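Structure, as structure tokens:
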Amino acid sequence: MKYILGLILIVFPGIYGYLAHQSMIPFYPLIAQIVFLIYWLWVGYIIGRFSKSSMKGLLLGNSVWLISLVLFIWQFVLTDEVGRLGSIAAIPQYYILPFVWLASKFAALLTMIDGSTIIILTFICMLVVFVSGFRLGKK
Numbered sequence: 016m017k018y019i020l021g022l023i024l025i026v027f028p029g030i031y032g033y034l035a036h037q038s039m040i041p042f043y044p045l046i047a048q049i050v051f052l053i054y055w056l057w058v059g060y061i062i063g064r065f066s067k068s069s070m071k072g073l074l075l076g077n078s079v080w081l082i083s084l085v086l087f088i089w090q091f092v093l094t095d096e097v098g099r100l101g102s103i104a105a106i107p108q109y110y111i112l113p114f115v116w117l118a119s120k121f122a123a124l125l126t127m128i129d130g131s132t133i134i135i136l137t138f139i140c141m142l143v144v145f146v147s148g149f150r151l152g153k154k
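First residue of the sequence shown: 16, per the numbering used here; consecutive thereafter.
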């Protein structure tokens, strides 16, 4: 039961990203970022509290994150535009959409900014927030 709850909690950013991308309703990036930052910290905390093994908890909590990262690298780093599959390429972008605003602010500190840099920074931000919540849950 705990694993099912954990899986439901970790796929929610992807569901939100898909709905935000498909809808015409404007989502304010700062508000969405704050809400999802707190949410992702809370998810890390919950998974940290319920997991008996730290390694299993981290793997469960970051499983969708890792799959999204692998899909992103495959579709945007290893594949050229001709070989890119649009539906597969969209999956990691939907998943990280709630965190892109924060990463774009960090990317503004760099001299060279491109979409891939922002997305990689977004993945790193998600990981840092989740692990912070996870560590709080383990205390």
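Backbone N, C-alpha and C fix where the C-beta goes; we use that ideal spot for every residue, glycine too.
None of the values given here were measured: they were computed from a predicted structure.
(1) Mapping DSSP to helix, strand and coil, what is Val97?
(2) Could you have a look at Tyr43 and say whether DSSP puts it in helix, strand or coil?
(3) On the DSSP letters alone, give me the boundaries of the alpha helix (DSSP H) that Ala123 sits inside.
(4) I need the straight-line Cα distance from Trp89 to Ile134, nearest angstrom please.
(5) If I follow the unbroken alpha helix (DSSP H) through Ile135, where does it start and stop?
(6) Does DSSP put Ser83 in a helix, in a strand, or in coil?
(7) Hey, would you say Tyr54 sits closer than 8 angstroms to Gly152, going by beta carbons?
(8) I want to know whether the stretch 60-76 touches the stretch 119-138 - three or more CB-CB distances under 8 angstroms.
(9) Name the two residues that bound the continuous alpha helix (DSSP H) containing Phe91.
(10) If you draw a straight line from the alpha carbon of Ile103 to that of Tyr110, how long is it in whole angstroms?
(11) CB-CB under 6 angstroms to Cys140, same chain, minus the five flanking residues each way: which ones, in chain order?
(12) What residue from Leu142, Gly101, Ile49, Tyr18 has the CA that sits closest to Leu84's CA?
Inspection of the coordinates gives the following:
(1) coil
(2) Tyr43 falls in the coil class under three-state DSSP.
(3) No alpha helix (DSSP H) holds Ala123; DSSP gives it neither H nor E.
(4) 13 angstroms
(5) 130-153
(6) Helix, per DSSP.
(7) no
(8) no
(9) Taken as a continuous stretch (DSSP letters only), Phe91 belongs to no alpha helix (DSSP H), as it is neither H nor E.
(10) The straight-line gap from Cα to Cα measures roughly 12 angstroms.
(11) Phe114, Leu117, Ala118
(12) Leu142
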